[in-house]
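A.B. asks: What follows is a single structure, and I will ask about it in a moment.
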Amino acid sequence: MLTRRHIRVKVLQSVYAFNQSDQSDLDKQEKFLFYSIGQMLDLYLLMLQLLVEMRNHAENYLVVSQKKHLATADEKNPSRKFIDNKVLQLIAENVSLAEAIKNKKLNYWKHDDEYVGILFKELREQEWYLAYLSQEHTSFQEDLSFVLKVYKEVIAPNDKLFEDLEDKRLTWIDDFPIVNTALVKMLSKFAEKNAATSLIPELYKDVEDRDFALRLLQKVLLNEEKLSAEIEGKTPNWDQERIAEIDLIILKMGIAEFLYFPSIPVRASINEYLEISKEYSTPKSSIFING
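Numbering (the working numbering), first residue to last: 184 to 474.
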């Protein structure tokens, strides 16, 4: 699920947190790094579960509507297309997902279904949702396309949901776009034959990526003086005290890759940190860092 850029961002956040802290405990910072990275998987599981909870909410809504004293014809005989969606059924029945949600105590939507209701209300207002309900039969692929549309057009862009996630865990602010991309990518390849094994991806592509995260953090924090010396004199118009802290950390991380990660092409490191600076620092930071 993670790319090297995501790993670099997590290391950047960890170095920044380390610099802001009064303590200089490297071991504690390493644990924070992996905890922060692990929270990305928590968010992924939570967003996957949200699809199931929207389906459950739809079923409850259907039951309540049928009990109305003056129920309409549609309310008396409602469509179950969304509730019986084949893709959502497979997700709901996935044992690994259910166990992960339980073990990590991520049952947020069951205890706080306000946002599930908000999302379902927005979904019911979509013309394409009503068109989907009106179909008598749909294939697995059509059900999958519908679920992708729900996620991309209703869930992912919802500002109220984003604010709720921000209140739950601060690190999820930066993780949200990454998790959305990973989840959409997974769903795009989702199939009945691989449902049991493809639903929850590995956090790291391989053991080398996890090692890269740890080594990059260590190299930056343990070689503070050397990295600062590399910058000294190369910014004649700027004392290090005047350089934005995020920019300074990005510079040190880039230099650390030049010095301690010879297998990574210099140009690749430069491009990665320029893109990171555009997202996490000032508008002109990428020009300064590139120079």
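No residue lacks a Cβ here, since even glycine has one placed at the ideal position from N, Cα and C.
On a predicted model such as this, the values are computed, not experimentally measured, just so you know.
Measuring only the C-alpha atoms, how far is V515 from S317?
C.D. replies: The chain is shown from 184 up to 474; residue 515 falls before or after that span and cannot be answered.
A.B. asks: Would you mind sorting E455 into buried or exposed? The rule is 16 or more other CB atoms within 10 Å of its CB.
C.D. replies: Burial call: buried.
A.B. asks: Of the choices D205, L399, S207 and L442, whose alpha-carbon is the least far from that of E413?
C.D. replies: The shortest C-alpha separation from E413 is found at L442.
A.B. asks: Under a three-way DSSP split, which group does N286 fall into?
C.D. replies: N286 falls in the helix class under three-state DSSP.
A.B. asks: Alpha carbon to alpha carbon, what distance is there between L306 and V333?
C.D. replies: Cα-Cα distance, rounded: 7 Å.
A.B. asks: What is the rounded straight-line gap between the Cα of P261 and the Cα of V390?
C.D. replies: Taking the straight line from one Cα to the other gives about 50 Å.
A.B. asks: Under a Cβ-count criterion, where at least 16 other Cβ atoms within 10 Å of its own Cβ denotes burial, should H240 be classed as buried or exposed?
C.D. replies: Buried, since its Cβ has 16 or more Cβ neighbours within 10 Å.
A.B. asks: Given a threshold of 16 other Cβ atoms within 10 Å of its Cβ, counted over all protein chains shown, does W311 qualify as buried or as exposed?
C.D. replies: By the neighbour-count rule (16 or more Cβ atoms within 10 Å), W311 is not buried but exposed.
A.B. asks: According to the Cβ coordinates, are F373 and L226 closer than 8 Å?
C.D. replies: Contact flag unset, no.
A.B. asks: Given a cut-off of 8 Å on the beta-carbon distance, is the pair I383 and D430 in contact?
C.D. replies: No, Cβ-Cβ distance for I383 and D430 is not below 8 Å.
A.B. asks: Would the stretch 282-291 count as touching the stretch 389-408 if we require 3 or more Cβ pairs under 8 Å?
C.D. replies: Contact between the stretch 282-291 and the stretch 389-408 is absent, because fewer than three Cβ pairs lie under 8 Å.
A.B. asks: Throw me the rounded Cβ distance for the L185 and L386 pair, which I believe falls under 8 Å.
C.D. replies: About 6 Å; that satisfies the 8 Å criterion.
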